[in-house]
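Residue numbers (this note's numbering), protein chains in the order written: chain A, 1 to 70; chain B, 1 to 449.
We put the CB at the ideal spot given by N, CA and C, even for glycine.
Please read all numbers here as calculations on a predicted model, not as lab measurements.
Remarks on the structure that follows.
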């Protein structure tokens, strides 16, 4: 199972996918806000979204899991 | 002179909170700070006479939490509230709330904040006061069609801007008609989310301008002085990185004309206290009004270093009912470098813990920092760690001192833009005073050759 992780500490602003979505490598899946900047986080591999572990307003640390891909 | 107040509350964080506390200490004013849960052990908490918790880390719960800030002021027995910059500093509603709760707001009157907060309203006031204005719409645009019509009248490229915007947020350059709709959507939604208002207007894009601004102080009775310009052309993401005073682009006559324009506009909007009028200088050397920053600026130290005035002291004195100081001759040259926790190449933020911090010292060197070694830079706030300010008798001497100071400055634990600041100080274009808002992309092109 593949996991997409945050690459920075910040607050989730937007989740752009839902469980069951097929996503391509490079597709932006989550938008994170850190130090007043909005940063899109892209999937590094293709897959199908199995579970979403965060919602807007959640705080995540660098390396925290965001999505599980099947 | 007796201190203007006995006790004040500083309603901000990081370097500006530390900066305001320093002047309070010098003047013998007792000063309290405020902090979020994420900032509970911060430098401005340690250095204040008292500090009050506001709430959870996000600014909506903490540094924008007006009821908690007013409660802290009451508990401390403050007479006045200094808002710093950003956050609540330009909110007319906050200035009113302070007054209604019986506190002096250290800043302009609420009415002046309303007139300068809307860019279209301040553009109209400037035009009426005979101040040259960047060509563009004189009112908020009714919709995308109105934006298209206005952009065609001005001629592409244009800048689309959120009417209540600030800090470089809600601005898009539009090269041609096909790009207009996407920029419209981005600006209206950023305006709505960041400033609570999606209204947008359009301006002619000035080709590779210089960004100059004039510092004014308007006394309680309405008499104003201009304290000289600052050049802030070196920017990334429409945010300033290096600022200096005076500008290499103005002569005595240009300086006088800009000072006159800034004071006319300040009078027209009923301005009081410290403020900055921003202008763009086009390739022909003509200046045009951009916006008013109705507060202390991040880059205010370069004006302090060239006038010998403490602008925070004068903010407090004017708030307490005093007149503005006499005009102060500008002497020497000062440059400010903003040290930010960000990747020097991608500009991506770098929150984390500051493991080590070595600050330079010596003649003409001033460090305004909001953090010490061991402190944390939370991801919830701005990336500014502190500011290196260097002064010299001449611009060349200031640059020489800056190069040495930048070499001595070291931050460990987070990425910073120091490598970029060093490259700027060493570059031929900077040394020649060849500045414009496209300075950083130009520098990059020269380096990659």
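The ligand SAM heavy atom lying under 6 Å from the CB of residue i
i              : result
residue 345(B) : This structure does not include the ligand SAM; it has no bound ligands of any sort.
Exposure label - residue i; buried when at least 16 CB within 10 Å
i              : result
residue 120(B) : buried
residue 315(B) : buried
residue 138(B) : exposed
residue 215(B) : buried
residue 40(A)  : exposed
residue 224(B) : buried
residue 433(B) : exposed
residue 45(A)  : exposed
residue 109(B) : buried
residue 229(B) : buried
residue 177(B) : exposed
residue 150(B) : buried
residue 297(B) : buried
residue 145(B) : exposed
Residue-chain proximity (residue i, chain A), Cβ-Cβ < 7 Å
i              : result
residue 344(B) : no
residue 39(B)  : no
residue 2(B)   : no
residue 53(B)  : no
residue 436(B) : no
residue 375(B) : no
residue 383(B) : yes
residue 109(B) : no
residue 83(B)  : no
residue 349(B) : yes
residue 379(B) : yes
Local conformation of residue i per DSSP, three classes
i              : result
residue 27(A)  : coil
residue 315(B) : helix
residue 109(B) : coil
residue 38(A)  : strand
residue 233(B) : strand
residue 86(B)  : coil
residue 71(A)  : For chain A, the structure presents residues 1 to 70; residue 71(A) sits outside this window and is missing.
residue 206(B) : coil
residue 68(A)  : strand
residue 9(A)   : coil
residue 450(B) : For chain B, the structure presents residues 1 to 449; residue 450(B) sits outside this window and is missing.
residue 275(B) : strand
residue 51(A)  : strand
residue 80(B)  : strand
Minimum Cβ-Cβ distance from residue i to chain C less than 7 Å
i             : result
residue 37(A) : Here chain C cannot be found, since the structure's protein chains are A and B.
Minimum Cβ-Cβ distance from residue i to chain B less than 7 Å
i             : result
residue 6(A)  : no
residue 63(A) : no
residue 42(A) : no
residue 10(A) : yes
Contact under 7 Å by Cβ, residue i with residue j
i              : j              : result
residue 212(B) : residue 279(B) : yes
residue 373(B) : residue 356(B) : yes
residue 63(B)  : residue 140(B) : no
residue 264(B) : residue 129(B) : yes
residue 368(B) : residue 19(B)  : yes
residue 302(B) : residue 363(B) : no
residue 386(B) : residue 43(B)  : no
residue 414(B) : residue 388(B) : no
residue 33(A)  : residue 60(A)  : no
residue 226(B) : residue 259(B) : yes
residue 333(B) : residue 252(B) : no
residue 31(B)  : residue 24(B)  : yes
residue 2(A)   : residue 47(A)  : yes
residue 33(B)  : residue 48(B)  : yes
residue 85(B)  : residue 295(B) : yes
residue 66(A)  : residue 49(A)  : no
residue 379(B) : residue 35(A)  : yes
residue 236(B) : residue 157(B) : no
residue 344(B) : residue 419(B) : yes
residue 127(B) : residue 133(B) : yes
residue 95(B)  : residue 113(B) : yes
residue 5(B)   : residue 79(B)  : yes
Start-end ranges of the beta strand (DSSP E) lying completely within the region 336 to 367 of chain B, minimum 3 residues: List check, beta strand (DSSP E) in window: 356 to 358.
Exercise for review: Scan the region 6 to 64 of chain B and note each continuous beta strand (DSSP E) run of 3 residues or more that stays entirely inside, going in chain order.
Suggested key: Here the runs fully enclosed are 7 to 10, 30 to 36 and 50 to 55.
Practice prompt. Jot down the residue ranges of each uninterrupted alpha helix (DSSP H) in the region 237 to 272 of chain B, minimum 4 residues, whole runs only, in chain order.
Written response: 252 to 268, all fully within the region 237 to 272 of chain B.
Suppose only complete runs of 3+ residues qualify. What are the beta strand (DSSP E) ranges in the region 362 to 446 of chain B, listed by chain order? Runs of the beta strand (DSSP E) inside the region 362 to 446 of chain B: 365 to 369, 384 to 392 and 410 to 412.
> Which parts of the region 283 to 327 of chain B are runs of the alpha helix (DSSP H), unbroken and 4 residues or longer, counting only runs that do not cross its ends?
Replying inline: Counting whole runs of 4 or more residues, the region 283 to 327 of chain B contains the alpha helix (DSSP H) stretches 300 to 307 and 311 to 319.
Note to self: Ignoring anything shorter than 4 residues, give me the alpha helix (DSSP H) runs that lie fully in the region 152 to 210 of chain B, in order along the chain.
What the structure shows: Segments of the alpha helix (DSSP H) lying fully in the region 152 to 210 of chain B: 180 to 195.
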